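Enquirer: One structure, pasted below without further comment.
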Amino acid sequence: MTKKLFSLLLFFTGSTELFAVDEFIIESKVLGYNLKYWVYVPDNVNEPLPVLYMTDGDGYKKNGIVSTSKSLVKAGEANPHIIVMVSAVDPDNPSRNRRNSQFLCNPNYVRFYKEELISEIDGRFKTITTAKGRGILGLSFGGLNAMYFAIQAHDTFHHIGIQSPAPHPCPSIYDDFRDSPKLPINIFLSTGAVNDKATATRRFKSILVEKGYEFTYLEVREGHNWRNWKPMLDDILVCFYGRKS
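When you read off a place in the sequence shown, starting at 1, and then add 667, the result is the number in the numbering used here.
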């Protein structure tokens, strides 16, 4: 069961325009606890839209994923899309962050999306309900989680966004990609080159090249922080939803 808590009215950066972000609590039977998430839906769009899900939704929301999306769509650089920002913070105990238990190749976290969250989103909003209409985005351990989703749920998620992945708790993920058939996914992969996960990311990149994947790769001279991740948000959204000339 999902409970809607309230809608946030946020200012669109650089103007007085407002946009609404709805906040929900979902009671997960698969995981056995409640999770919080926020949803942004573009205004005045009647057709079914693709959906981008992201872990560490608190950070992505705080660092402007919604205003970036709105700006790109308004400028004609991206097609409209729904954004679902899933929090790793326990809504019943905000001092508890569950990302380490959720993101480290947890099959139940995949089941939560496939069996519970996606059906809630598809039932509540007008969405494209095929794999090509869905994406998953995460950073650090969330990047590892996105890699794991690509292996375990490529029938559900086509767009895979991986920022500064930290695969060391789940080293078999490399062999999973190397040993699997080439998957029907669109990958955005990035890392910082200074005190980030560059070695792990480059290793993963080499596997993608060996397997013949076409993917977007960015490497910047920043560390494991939002100075690295935030400026790439527009690149990710254009990679997944950019308007083709």
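Glycine included, each C-beta is placed from N, C-alpha and C at the ideal position. Note that the structure is predicted; figures quoted are calculated from it, not measured.
Distance, Cα to Cα, residue 895 vs residue 859?
Expert: Start at 1 with the first residue of the sequence shown, and residue 895 comes out as number 228. Start at 1 with the first residue of the sequence shown, and residue 859 comes out as number 192. Rounded to the nearest angstrom, the two C-alpha atoms are 6 Å apart.
Enquirer: Roughly how far, in whole angstroms, is the beta-carbon of residue 829 from the beta-carbon of residue 855, given that I think they are within contact range, below 8 Å?
Expert: Here residue 829 is taken as the residue at index 162 of the sequence shown, counted from 1. Here residue 855 is taken as the residue at index 188 of the sequence shown, counted from 1. Yes, residue 829 and residue 855 are in contact; Cβ-Cβ is about 7 Å, under 8 Å.
Enquirer: Just how far apart, CA to CA, sit residue 908 and residue 745?
Expert: Residue 908 sits at position 241 when you count from the first residue of the sequence shown. Residue 745 sits at position 78 when you count from the first residue of the sequence shown. Straight-line Cα distance between these residues: approximately 5 Å.
Enquirer: Alpha carbon to alpha carbon, how far is residue 761 from residue 879? Give it in angstroms, no decimals.
Expert: Within the sequence shown, residue 879 is the residue found at index 212, counting from 1. Within the sequence shown, residue 761 is the residue found at index 94, counting from 1. C-alpha separation (whole angstroms): 43 Å.
Enquirer: Do you know how far the Cα of residue 886 is from the Cα of residue 648?
Expert: Nothing can be reported for residue 648, as the shown portion of the chain is limited to 668 through 912.
Enquirer: Would you identify the three-state DSSP class for residue 858, choosing helix, strand or coil?
Expert: As a position in the sequence shown, residue 858 is number 191, starting the count at 1. The answer is strand: DSSP assigns residue 858 an E or B state.
Enquirer: Which of the three DSSP states, helix, strand or coil, is assigned to residue 833?
Expert: Position 166 of the sequence shown, counted from the first residue, corresponds to residue 833. Of the three classes helix, strand and coil, the one that applies to residue 833 here is coil, per DSSP.
Enquirer: Going along the chain, which residues of its own chain have a beta-carbon closer than 6 Å to the beta-carbon of residue 717, five neighbours each way excluded?
Expert: Translated into positions along the sequence shown, residue 717 becomes position 50. For residue 717, where only same-chain residues beyond five positions count, the Cβ hits under 6 Å are 748, 795 and 800.
Enquirer: Counting only the same chain and skipping the five closest in sequence on each side, list residues whose C-beta sits under 6 Å from that of residue 834.
Expert: Along the sequence shown, one-based indexing puts residue 834 at 167. Taken in chain order, the residues that qualify are 811, 840 and 867.
Enquirer: Go ahead and pull the three-state DSSP assignment for residue 707.
Expert: The sequence position of residue 707 within the sequence shown is 40, counting from 1. Residue state, collapsed to three classes: strand.
Enquirer: Between the alpha carbons of residue 902 and residue 699, how many angstroms are there, rounded?
Expert: Position 235 of the sequence shown holds residue 902. Position 32 of the sequence shown holds residue 699. When rounded, the distance between both Cα atoms is 35 Å.
Enquirer: Between the alpha carbons of residue 846 and residue 804, how many angstroms are there, rounded?
Expert: Locating residue 846 in the sequence shown gives position 179, where the first residue counts as 1. Locating residue 804 in the sequence shown gives position 137, where the first residue counts as 1. Looking at the two C-alpha atoms, the distance is approximately 23 Å.
Enquirer: Hey, residue 820 and residue 777 are a contact pair by Cβ (cut 8 Å); roughly how many whole angstroms apart?
Expert: Numbered from its first residue, the sequence shown carries residue 820 at position 153. Numbered from its first residue, the sequence shown carries residue 777 at position 110. Indeed they touch by this definition, with Cβ atoms about 5 Å apart.
Enquirer: Can you tell me the Cβ-Cβ gap for residue 853 and residue 818, rounded? I've got them flagged as a contact below 8 Å.
Expert: Walking along the sequence shown from the start, residue 853 turns up at place 186. Walking along the sequence shown from the start, residue 818 turns up at place 151. That pair is no contact at about 15 Å.
Enquirer: Quick check on residue 679: does DSSP put it in helix, strand or coil?
Expert: Reading the sequence shown from its first residue, position 12 is the one you call residue 679. With a pLDDT of 43 at residue 679, under the threshold of 50, the predicted position of this residue should be treated as unreliable, though the coordinate-derived value follows. Of the three classes helix, strand and coil, the one that applies to residue 679 here is coil, per DSSP.
Enquirer: What three-state label does DSSP hand residue 884 in the structure shown?
Expert: Working through the sequence shown from its first residue, we reach residue 884 at position 217. Three-state DSSP puts residue 884 in a strand.
Enquirer: Here's the rule I'm using: 16 or more other beta-carbon atoms within 10 Å means buried, otherwise exposed. How should residue 877 be labelled?
Expert: In the sequence shown, counting from the first residue as 1, residue 877 sits at position 210. By the neighbour-count rule (16 or more Cβ atoms within 10 Å), residue 877 is not buried but exposed.
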